[in-house]
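*Asks:* I have a structure I would like to understand better, so I am pasting it below and will then ask my questions one at a time.
There are 2 protein chains.
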Amino acid sequence: MTDTRWLDDTEMAAWRAFLSTSHLLERRIEEQLKAAAGLTHPQYEILVRLADAPDRQMRMTELARGVVVSKSALTYQITRLERAGLVERATCPSDDRGVLAVLTEAGLRCLERVAPGHLAVVRAYLVDRLTRDELEVMTTAMRRTERALRE
Amino acid sequence: MTDTRWLDDTEMAAWRAFLSTSHLLERRIEEQLKAAAGLTHPQYEILVRLADAPDRQMRMTELARGVVVSKSALTYQITRLERAGLVERATCPSDDRGVLAVLTEAGLRCLERVAPGHLAVVRAYLVDRLTRDELEVMTTAMRRTERALRE
DNA sequence: GTTGGTTCGTTCAGATTTGAACGAATATAC
DNA sequence: GTATATTCGTTCAAATCTGAACGAACCAAC
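One line per chain: the protein sequences are A and B, in this order. Counting the first sequence from 1 gives a position; my numbering is that position plus 2. Counting the second sequence from 1 gives a position; my numbering is that position plus 2.
So, in structure tokens, the structure goes:
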């Protein structure tokens with residue numbers, strides 16, 4: 003690492019803005035979800051992913067990958083959501099090692115009740131402040147990065 | 003909240019990509035810093051902010067705002083960095099309540115040693131994958147969002 | 001079949017985060 | 001000046017996150 007490539011002004015500005023904004027937005031979202039439903043952001047994301055999945059169920063590992071948390075964090079949160087009656091665990095028919103996380107009716111209703119307020123925050127601070135062009139540029143740029151990070 | 007404004011495809015794609023990418027990148031950065039220097043990302047950010055500050059020192063609250071962590075988290079991390087000899091606490095001359103976090107020489111050297119590897123990750127996954135235009139669009143968009151979030 | 005390597009989800013210990021509560025110091029209003 | 005409200009940083013308890021280690025189940029090769 004003898005020749006360090008520092009970031010020039012444009013690069014540094016972009017990186018700093020991205021970093022601060024993602025953290026600030028995360029905090030704001032966390033605050034809103036906690037106040038409105040006693041949910042954390044990862045918990046909410048779990049519900050969303052399950053609601054979108056076929057039969058409203060997903061394998062633990064796949065779900066962890068989707069939400070971007072460690073497997074142990076997912077185990078913890080699913081147990082928590084199970085206790086709240088929003089998710090159930092089911093045995094996986096095709097793989098005895100596997101566990102299916104299944105969204106319950108109560109879980110779906112919870113999501114439907116919470117989503118509007120959550121989306122309002124995402125809009126108020128991010129989506130509604132970006133032009134159509136900016137949204138599209140961001141999508142392609144983020145997806146390129148995401149693909150690289152997922153190897 | 004009777005009329006929910008759902009996200010259309012473009013909006014949802016942008017939001018999802020932003021969310022996943024920021025989490026994935028955060029994990030990757032965390033992993034690199036831990037392996038290279040035993041630092042967490044917040045710890046690294048503290049060192050960076052202090053290095054950029056006049057006299058390499060900052061008030062606790064201001065620093066917490068900059069790094070985007072709670073005051074209690076900053077107290078914890080500064081104590082940790084102090085133990086490692088990278089930061090010191092100093093009394094604030096203008097305000098007896100205040101505490102100044104000061105970057106030590108060792109802290110500066112640590113930062114100089116760690117920065118190249120960290121920046122390489124930021125480049126490899128984000129900066130170098132974006133065009134100049136994309137970087138600029140992202141900066142303006144993120145700054146707009148950031149300003150709103152900081153009220 | 002059985003052996004060896006991989007994947008699955010959980011458990012565990014340890015580290016970190018947050019918000020609330022607190023005492024101390026400052027600022028504001030009168 | 002004094003009373004009130006605000007700000008500062010820390011402490012504390014509780015929640016959450018991660019990686020490592022584990023037993024169980026799968027898979028591939030022979």
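Ideal Cβ placement from N, Cα and C applies to all residues, glycine included. Model, not experiment: these values are computed from the prediction.
Thinking C-alpha only, which one of A:Leu-65, A:Arg-145, A:Glu-153, A:Ala-86 is nearest Cys-112 (chain A)?
*Replies:* A:Ala-86
*Asks:* For Thr-1 (chain B), count neighbouring Cβ atoms within 10 angstroms of its own Cβ and tell me buried if that reaches 16, exposed if not.
*Replies:* Shown here, chain B extends from 3 to 153; a query on residue 1 (chain B) therefore has no answer.
*Asks:* Suppose you measure from the CA of Val-124 (chain A) to the CA of Arg-30 (chain A); what does that come to, to the nearest Å?
*Replies:* 9 Å
*Asks:* Any residues in the stretch 107-135 of chain B with a beta carbon nearer than 8 Å to a beta carbon of chain A? Which ones, in chain order?
*Replies:* Ala-117, Pro-118, Gly-119, Leu-121, Ala-122, Val-124, Arg-125, Ala-126, Tyr-127, Leu-128, Val-129, Arg-131, Leu-132, Arg-134, Asp-135
*Asks:* Between Met-140 (chain B) and chain A, is any beta-carbon pair separated by less than 8 Å?
*Replies:* yes
*Asks:* Are the C-beta atoms of Glu-148 (chain B) and some chain A residue less than 8 Å apart?
*Replies:* Yes, Glu-148 (chain B) lies at the interface with chain A (some Cβ there is under 8 Å from its Cβ).
*Asks:* Apply the 10 Å Cβ neighbour rule to Tyr-46 (chain A) and answer buried if 16 or more other Cβ atoms are within range, or exposed otherwise.
*Replies:* buried
*Asks:* Taking only three categories from DSSP, how would you classify Glu-90 (chain A)?
*Replies:* Here Glu-90 (chain A) sits in strand by DSSP.
*Asks:* Classify Arg-115 (chain A) as helix, strand or coil using the three-state DSSP reduction.
*Replies:* helix
*Asks:* Can you look up Arg-152 (chain A) in the DSSP assignment and give me helix, strand or coil?
*Replies:* Of the three classes helix, strand and coil, the one that applies to Arg-152 (chain A) here is coil, per DSSP.
*Asks:* Using 8 Å as the threshold, is the C-beta distance between Val-104 (chain B) and Gln-59 (chain B) below it?
*Replies:* yes
*Asks:* State yes or no: is the C-beta of Ala-38 (chain A) within less than 8 Å of the C-beta of Gly-119 (chain A)?
*Replies:* yes
*Asks:* Would you say Arg-51 (chain B) reaches chain A, if we count a Cβ-Cβ gap shorter than 8 Å as a contact?
*Replies:* no
*Asks:* Are the C-beta atoms of Met-62 (chain A) and some chain B residue less than 8 Å apart?
*Replies:* no
*Asks:* Hey, quick one: how far does the beta strand (DSSP E) through Val-101 (chain A) stretch, first residue to last?
*Replies:* Residues 101-105.
*Asks:* Quick one, which of A:Gly-100, A:Gly-109, A:Thr-42 has its alpha-carbon nearest Glu-84 (chain A)'s?
*Replies:* A:Gly-109
*Asks:* For Gly-68 (chain A), which residues of its own chain have a beta-carbon under 6 Å away from its beta-carbon, when the five flanking residues on both sides are left out?
*Replies:* Arg-51
*Asks:* Do Val-89 (chain A) and Thr-77 (chain A) have their C-beta atoms closer together than 8 Å?
*Replies:* no
*Asks:* Once DSSP output is grouped into helix, strand and coil, what is the label at Arg-61 (chain A)?
*Replies:* strand
*Asks:* Starting from the C-beta of Thr-93 (chain A), find all residues in its chain whose C-beta is less than 8 Å away, skip the five residues before and the five after it, and write them out in chain order.
*Replies:* Gly-100, Val-101, Leu-102
*Asks:* Within 10 Å of its beta-carbon, does Trp-17 (chain A) have 16 or more other beta-carbons around it, so buried, or fewer, so exposed?
*Replies:* Buried, since its Cβ has 16 or more Cβ neighbours within 10 Å.
*Asks:* Please list, in chain order, the chain A residues whose beta carbon lies closer than 8 Å to that of Leu-27 (chain B).
*Replies:* Thr-147, Leu-151
*Asks:* Between the beta-carbon of Leu-41 (chain B) and the beta-carbon of Val-116 (chain B), is there less than 8 Å?
*Replies:* Their beta carbons are under 8 Å apart, which means Leu-41 (chain B) touches Val-116 (chain B) by this criterion.
*Asks:* Over the uninterrupted alpha helix (DSSP H) stretch that includes Ala-38 (chain B), give me the two end residues.
*Replies:* 11-39
*Asks:* Tell me the start and end of each unbroken alpha helix (DSSP H) in the stretch 123-151 of chain B that is at least 4 residues and wholly inside, in chain order.
*Replies:* 134-151
*Asks:* Going by the beta-carbon positions, is the gap between Glu-138 (chain A) and Thr-12 (chain B) smaller than 8 Å?
*Replies:* yes
*Asks:* Using 8 Å as the threshold, is the C-beta distance between Ala-150 (chain B) and Met-140 (chain A) below it?
*Replies:* Ala-150 (chain B) places its beta carbon 8 Å or farther from that of Met-140 (chain A).
*Asks:* If we ignore side chains and look at the alpha-carbon of each, how far apart do Leu-21 (chain B) and Ala-66 (chain B) end up?
*Replies:* The straight-line gap from Cα to Cα measures roughly 23 Å.
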